[in-house]
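In this text, residue positions in the sequence shown follow this note's numbering: the first is 54, and each later residue adds one.
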Amino acid sequence: LIREWLNLVSVSGTGPTVLVPSRNLKAPYSQQYSLAIERELGNAYLVSLAYVGTRGIKLLRLTTPNLGLGSIIEVDTIEPLIPIDGGGFLPLLTGTTVSPGCPRETPLVERICPDADQRPVPFLGGLSVFESSAASTYHSLQLEVRRRYRRGWQLSAALTYSHAIDDVSDIFDTGSSFALPQNSLNLAAERASADFDQRVRLAISALWDLPFHERHWLLGGWKLAGIFIASSGQPYTVNTAVDVNRDGHPTDRLNTTRGLIIAADGRTRLRLAPGVEPERLLAPAGQSGAIGRNTFRKAPVATLDLAVSKEFRITDRHRLLFRTEIFNLLNRTHWGTPVRILEAPAFGQSVNTTIPARTIQIALKYSF
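In structure tokens, the structure reads:
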């Protein structure tokens, strides 16, 4: 009976789909290392220069060594309707599919490859393996200058230049990239900048006791605090909705960037050059795209938050604290990950923001 069942699924090309742990599954771990040099300048300033690194080993990932469920070879509609935590959307695709591995000449009316199944293990369907074969590295150079609180004000400025590299940034799909590799039989091609990589980050914070009318019950005693953060944009991957390499997953990347225009006009980050059709950027049928993962960048981020506060002393045991906080003081629009599916109608345009518009909060705290 078992032999007859195996023969049946082998001929049909739609064997059982299973999720299994790898035989060599290991517990992930990390190694952290750092080296820092500090120097005092006078009585108020401290300067530090540090190298900080991290290495992730045996990180978890999903692969499909026996190919996926079905190859999408003709896409009818693309709707980016599924939101992802952290920003961005996953596409909802509808179209014509065939069994993974089918040759290009397979008629579109065929849902199953008419020839022998092309999977590495023919009698199995889409085999998902939970394995610990991924790795990551992080290297950073960190420069910090601090001024101690003295004469009514203090200051801190930190500049970080870093690079985070990994094979996969999350075991689930994110708004920036898919979790599954483009080709589970070529995992080395997934090595690239991490989804959360930020090459440059500057953070400046300050506290100032305003020196005006210090003894006046209303005009004196005010404090001003602020923090300014600027960072380069994080990377994302451009994918096609077509399963070009026929591995059963719509995770294929571009084969060339010729024909793409990188825009910098806010909401639009990418667009196709006039007269360029999407298929010109794809690999030949049955091959994987040559463009790596996370090769495009989102817009940089720059925010300024401000707080003004004063404590009113009513008696020795009764006090009233007034505080006003302004977030995103400059009211800059920070667009999220653009639509990164090549064939989508809104390709290259952001449909969400990562930081809310200017927000003002006013608080009163009574202590007794």
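Beta carbons: idealized from backbone N, C-alpha and C, even for Gly. Everything numeric in this text was worked out from a predicted model, so none of it was measured.
- In the three-state reduction of the DSSP assignment, Pro-264 falls in the coil class, being assigned neither a helical nor a strand state.
- By the Cβ neighbour-count rule, Thr-227 is buried, with 16 or more other Cβ atoms within 10 Å of its own.
- The alpha-carbon separation between Pro-303 and Pro-118 amounts to approximately 15 Å.
- Boundaries of the beta strand (DSSP E) around Pro-74: 71 to 74.
- In the displayed model, Glu-396 falls within coil according to three-state DSSP, outside both helix and strand.
- The Cβ neighbour count for Gly-342, taken over all protein chains shown within 10 Å, is at least 16; the residue is labelled buried.
- Contact check for Thr-213 against Gln-195 passes: the beta carbons are separated by less than 8 Å.
- Residues Leu-357, Asp-358, Leu-359 and Arg-411 of the same chain have their beta carbon placed closer than 7 Å to that of Leu-382, with the five preceding and five following residues left out of the count.
- The three-state reading of DSSP puts Arg-333 in helix, counting H, G and I together.
- Nearest neighbour of Gly-109 by Cα position, chosen from Gln-84, Tyr-98, Lys-418 and Ala-103, turns out to be Gln-84.
- Counting along the chain, Phe-183 sits inside the beta strand (DSSP E) bounded by residues 180 to 203.
- Proximity of the region 235 to 249 to the region 316 to 334 falls short of the contact definition, fewer than three beta-carbon pairs being nearer than 8 Å.
- When the beta-carbon positions are compared, Phe-183 and Leu-115 come within less than 8 Å of each other.
- The DSSP-derived three-state label of Leu-272 is coil.
- A direct Cα-Cα distance of roughly 26 Å separates Leu-260 from Asp-369.
- If you ignore the 5 residues before and after Asp-305, its C-beta comes within less than 8 Å of the C-beta of Gln-235, Asn-292, Thr-293, Val-295, Asp-296, Val-297, Asn-298, Leu-335, Ala-336, Ser-341 and Gly-342, all in its own chain and listed in chain order.
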